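J.: If you're matching them up, the sequences are chains A and B in order. Here the first sequence stands for residues 1 to 368, where the numbers follow this note's numbering. Here the second sequence stands for residues 369 to 595, where the numbers follow this note's numbering. For glycine and all other residues, C-beta sits at the position ideal for the given N, C-alpha and C. Nothing here was measured: the structure is a model prediction, and the numbers come from that model.
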Amino acid sequence: MSDAPNAQPPKPAAGGRAGTKRELPERFKAYKHVWVVVECEHGAVHPVSLELLGEGRKLADKRGVELAGVVLSGDSITAAQTAAAAFEHGADLVYTVTAPVLAHYRNETYTRAMTDLVNTHQPEILLLGATNLGRDLAGSVATTLRTGLTADCTELAIDDEGSLAATRPTFGGSLLCTILTLNYRPQMATVRPRVMAMPAREPGRWGRIVEHPLDLAEEDVVTKVLRFIADRESDKAQLAYADIVVAGGLGLRSAENFQLVRALAEVLGGDYGGSRPLVQKGWITADRQIGQTGKTIRPKLYIAAGISGAIQHRVGVEGADTIVAINSDPNAPIFDFAHLGVVADAIELLPALTRAFQAHLSVNRLAG
Amino acid sequence: MLTMGPPMAEDSLRKALTYGADRAVLLTDRAFAGSDTLATSFALAAALDKVGREFGVPPIVFTGKQTIDGDTAQVGPGIAKRLGLNQLTYVARIADLDPAAGTITVERRAEGGLQVLQTRLPVLITMLEGVNEIRRGSLDDAYRAARAQVVRWSAADAGITDLASCGLKGSPTIVKKVFAPQGRAEPVRQVPTIDRSADELAADVMAAIFQTQPALEEDLLRFAAGQ
Numbered sequence: 001m002s003d004a005p006n007a008q009p010p011k012p013a014a015g016g017r018a019g020t021k022r023e024l025p026e027r028f029k030a031y032k033h034v035w036v037v038v039e040c041e042h043g044a045v046h047p048v049s050l051e052l053l054g055e056g057r058k059l060a061d062k063r064g065v066e067l068a069g070v071v072l073s074g075d076s077i078t079a080a081q082t083a084a085a086a087f088e089h090g091a092d093l094v095y096t097v098t099a100p101v102l103a104h105y106r107n108e109t110y111t112r113a114m115t116d117l118v119n120t121h122q123p124e125i126l127l128l129g130a131t132n133l134g135r136d137l138a139g140s141v142a143t144t145l146r147t148g149l150t151a152d153c154t155e156l157a158i159d160d161e162g163s164l165a166a167t168r169p170t171f172g173g174s175l176l177c178t179i180l181t182l183n184y185r186p187q188m189a190t191v192r193p194r195v196m197a198m199p200a201r202e203p204g205r206w207g208r209i210v211e212h213p214l215d216l217a218e219e220d221v222v223t224k225v226l227r228f229i230a231d232r233e234s235d236k237a238q239l240a241y242a243d244i245v246v247a248g249g250l251g252l253r254s255a256e257n258f259q260l261v262r263a264l265a266e267v268l269g270g271d272y273g274g275s276r277p278l279v280q281k282g283w284i285t286a287d288r289q290i291g292q293t294g295k296t297i298r299p300k301l302y303i304a305a306g307i308s309g310a311i312q313h314r315v316g317v318e319g320a321d322t323i324v325a326i327n328s329d330p331n332a333p334i335f336d337f338a339h340l341g342v343v344a345d346a347i348e349l350l351p352a353l354t355r356a357f358q359a360h361l362s363v364n365r366l367a368g
Numbered sequence: 369m370l371t372m373g374p375p376m377a378e379d380s381l382r383k384a385l386t387y388g389a390d391r392a393v394l395l396t397d398r399a400f401a402g403s404d405t406l407a408t409s410f411a412l413a414a415a416l417d418k419v420g421r422e423f424g425v426p427p428i429v430f431t432g433k434q435t436i437d438g439d440t441a442q443v444g445p446g447i448a449k450r451l452g453l454n455q456l457t458y459v460a461r462i463a464d465l466d467p468a469a470g471t472i473t474v475e476r477r478a479e480g481g482l483q484v485l486q487t488r489l490p491v492l493i494t495m496l497e498g499v500n501e502i503r504r505g506s507l508d509d510a511y512r513a514a515r516a517q518v519v520r521w522s523a524a525d526a527g528i529t530d531l532a533s534c535g536l537k538g539s540p541t542i543v544k545k546v547f548a549p550q551g552r553a554e555p556v557r558q559v560p561t562i563d564r565s566a567d568e569l570a571a572d573v574m575a576a577i578f579q580t581q582p583a584l585e586e587d588l589l590r591f592a593a594g595q
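1. By the 9 Å beta-carbon criterion, what residues does the segment 87-98 of chain A contribute toward chain B?
2. Kindly list the residues whose CB is nearer than 8 Å to the CB of C177/A, restricted to its own chain and excluding five residues on each side of it in sequence; keep chain order.
3. Given a cut-off of 8 Å on the beta-carbon distance, is the pair L350/A and V342/A in contact?
4. Counting only beta-carbon separations shorter than 8 Å, does G374/A have a partner in chain B?
5. Sort Y110/A, D152/A, Y302/A by Cα distance to L127/A and report the nearest one.
6. Spell out a yes or no on whether the segment 118-133 of chain A and the segment 180-198 of chain A are touching, meaning 3 or more CB-CB pairs, one atom from each, closer than 8 Å.
7. I'd like the list of long-range same chain contacts for V37/A, defined as Cβ closer than 6 Å, with 5 residues on each side in sequence excluded.
8. Since A592/B and A352/A should fall inside the 8 Å C-beta cutoff, what is the C-beta to C-beta distance between them, to a whole number of angstroms?
9. Considering only their Cβ atoms, is the gap separating E39/A from G139/A smaller than 8 Å?
10. Spell out the partners DSSP gives I562/B in its beta bridges.
11. Check D116/A in the structure and name its three-state DSSP category.
12. CB-CB under 7 Å to A583/B, same chain, minus the five flanking residues each way: which ones, in chain order?
13. Going by CA-CA distance only, name the one from A240/A, A247/A, A356/A, A359/A that's closest to G309/A.
14. List the endpoints of the continuous alpha helix (DSSP H) containing I447/B.
15. From the DSSP secondary-structure annotation, give me the bridge partner or partners of L485/B.
16. Quick one: using the 10 Å Cβ neighbour count with 16 as the cut-off for buried, is Y272/A buried or exposed?
17. Three-state secondary structure (DSSP) at T190/A?
18. For the segment 529-543 of chain B, which residues have a CB atom closer than 7 Å to at least one CB atom of chain A, in sequence order?
19. For T396/B versus G424/B, is the C-beta spacing smaller than 8 Å?
20. Where do the N-terminal and C-terminal ends of the alpha helix (DSSP H) with K418/B fall, by residue?
21. Using 8 Å as the cut-off, can you tell me whether the segment 533-550 of chain B makes contact with the segment 404-418 of chain B, which would need three or more C-beta pairs spanning the two stretches below that distance?
22. Quickly, what does DSSP pair S73/A with across the bridge? List them, please.
23. Please name the residue in L59/A, Y184/A, A68/A whose C-alpha comes closest to that of A160/A.
24. In chain B, which residues lie less than 8 Å from G341/A when you measure between Cβ atoms?
25. Should the segment 142-152 of chain A be called in touch with the segment 253-265 of chain A, which here means at least 3 C-beta pairs below 8 Å?
26. If A113/A sits next to V97/A, beta carbons under 8 Å apart, how far is it from one beta carbon to the other, in whole angstroms?
27. For E155/A, collect the residues of the same chain with a Cβ closer than 7 Å to its Cβ; drop the 5 residues on either side in sequence, then sort them by chain order.
28. Would you mind sorting G446/B into buried or exposed? The rule is 16 or more other CB atoms within 10 Å of its CB.
29. Is the beta carbon of V317/A sitting closer than 8 Å to the one on I297/A?
30. Which ranges does the beta strand (DSSP E) cover as unbroken runs of at least 3 residues, wholly within the segment 21-85 of chain A, from first to last along the chain?
31. With a threshold of 7 Å on Cβ separation, who are the neighbours of M495/B within its own chain once the five nearest residues in sequence on each side are excluded?
32. So, does the CB of G269/A fall closer than 8 Å to a CB anywhere in chain B?
33. Measuring CA to CA, which of L340/A, I179/A, G74/A, N132/A is closest to H42/A?
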């Protein structure tokens, strides 16, 4: 990328590359503070919003600015409860927009409320969870505001020049890239659930509430919510929050062998999943996919059997306390980030592990 | 069908024609190189506008939930916003379409359940993968696809004059650096496998896990006791 020949030479700046660092337009200079959209559909605060508040707190402290939660909801009780959760997880202030048209998420109403709020109170950074709601909303808000949006970040930081440095895997590649939004505000990013650690709750922590009006009546909204069909409890995959996860990859060689993964998970009282190729082959359903485009997990123990460990998978499991990798290829990239490695055929080792844990647990239970 | 990409994207369009599509347009121009999602939605929205003028305004625009490389899921919403289309994302099922009334009803995947939404046409729908049967094209479709001309549009052909909104220039995001992920500071501890049977190796692995995380053994014993 090159500037026009007669443009002002870019100011030399530490860490910046000539040509990529430009001056922030005057109209954006007042943009300040870090915002996190706090999702509260159906009365429950989405955990990813609290995880983002923890991350937003660090960014705000580094910038020396405030951290604000944004609560869009249909009634004042939900707004107050969600604001309280935001304060307890690090917010200094909470913007609330409360209107009946916001009771259920709709792109139209939420985009309107959000862009209005951004244009009025002007944040420099706006973070959303990469949930269906967050992605739907972020894309519309960024397009309306004509600003940059980086999806599915795995790391957020403030660079030497005060910009949001958003790191994510490269598109389709095996590398990571750091993306900046230099000349537009707000700098927007989404982060998937479980990618960031949940901050400790500080009971009784409180802050300021700033109410913002929304002049939008139901008859002016085109899209109507006819019904909400809640998922049955059994349908909700608990994978993302499981303490122990066993997963399989193409090293299992056949769909039938995937039951070896399930058997070990069952003995350990854990959950199970697989890498992306297994979903593409139809061996497992999409809600069992572990990795960047599936579930991000942070279990105490993660056992990866026959998974090579491409970057897409790696970023989804790196938060695990202990990663055990079983792969017959000693050069598989999974050994770059596993804690314990076993160069072995997963098809032979998995049943042996199931037997070993079964025996150990039953013997010790009887002894105890 | 419309796609934006390098000339080789024609292969994908031709394949899609064999599934029964009537017409394919490839939006391709060096001016689009380096587009982020905002610049991509600008170009595709402009091309859709032109599609509307040339072939009639589509009442429904479908996009995938997300690309298989970037996975951002931002381009569909971006196009909808730019064209002023009603937006239905993560659609699992189209429950009803009433062309006379100009309405559509869908089931949308939301947090914790399905939203049944009704909106007015024209609409942009981002569809979940795996919810529809893939329709196999007929032999006629295959012949037609082989002969069909994939229409190629440059930026100028699509009526795009604002090149500052395209490609790198039109992208507010900048890739500052690309790097390989670092290995862990502490290298992986390999469990020795030479001369060990599967059962011996399993015992070694279990011991190594409990050594790494002693609390885990207690958790597991408690779980086993509760069963």
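T.: The relevant details are as follows:
1. If the cut-off is 9 Å between Cβ atoms, the segment 87-98 of chain A has nothing near chain B.
2. Excluding residues within five positions, the ones whose Cβ falls inside 8 Å are T167, R168, P169, T170.
3. Not a contact, by the Cβ cut-off of 8 Å.
4. There is simply no residue 374/A to check, as chain A begins at 1 and stops at 368 in what is shown.
5. Closest by alpha carbon: D152/A.
6. Because the criterion of three Cβ pairs below 8 Å is met, the segment 118-133 of chain A and the segment 180-198 of chain A touch.
7. Around V37/A: V70, L128.
8. With a Cβ gap of about 18 Å, A592/B and A352/A do not count as contacting.
9. For the 8 Å CB-CB criterion, G139/A and E39/A do not form a contact.
10. Under the DSSP definition of a beta bridge, I562/B lacks any partner.
11. The DSSP-derived three-state label of D116/A is helix.
12. Closer than 7 Å at Cβ, skipping near neighbours: no residue.
13. Closest option to G309/A, Cα to Cα, is A247/A.
14. Its alpha helix (DSSP H) spans residues 443-451.
15. Note: L485/B sits in a beta bridge opposite V225/A, V474/B.
16. Under a 10 Å Cβ-count criterion, Y272/A is classified as buried, with 16 or more other Cβ atoms of the shown protein chains found around its own Cβ.
17. The three-state reading of DSSP puts T190/A in strand, counting E and B together.
18. Only L536, P540, T541, I542, V543 from the segment 529-543 of chain B bring a Cβ to less than 7 Å from some Cβ of chain A.
19. A distance of 8 Å or more separates the beta carbons of T396/B and G424/B.
20. Looking at the DSSP string, the run of the alpha helix (DSSP H) that includes K418/B is 405-423.
21. When Cβ pairs closer than 8 Å are counted between the two stretches, the segment 533-550 of chain B is seen to touch the segment 404-418 of chain B, the count reaching three or more.
22. DSSP lists T98/A as partners of S73/A.
23. This sequence places Asp at residue 160/A; Ala is not what is there. Comparing Cα-Cα distances from D160/A to each of L59/A, Y184/A, A68/A, the minimum goes to L59/A.
24. Under the 8 Å cutoff, chain B gives V556, R557, Q558, V559.
25. Segment contact: the segment 142-152 of chain A against the segment 253-265 of chain A, fewer than three CB-CB distances shorter than 8 Å; contact not assigned.
26. Between A113/A and V97/A the beta-carbon gap is near 5 Å, inside 8 Å, which marks them as a contact.
27. T167.
28. Classification for G446/B: buried.
29. At the C-beta level, V317/A and I297/A come within 8 Å of one another.
30. Here the runs fully enclosed are 34-37, 67-73.
31. Taking C-beta separations shorter than 7 Å and ignoring five residues to either side along the sequence, the partners of M495/B in its chain run F430, G432, K433, V459, following chain order.
32. Interface residue, yes.
33. The residue with the shortest Cα to Cα distance from H42/A is G74/A.
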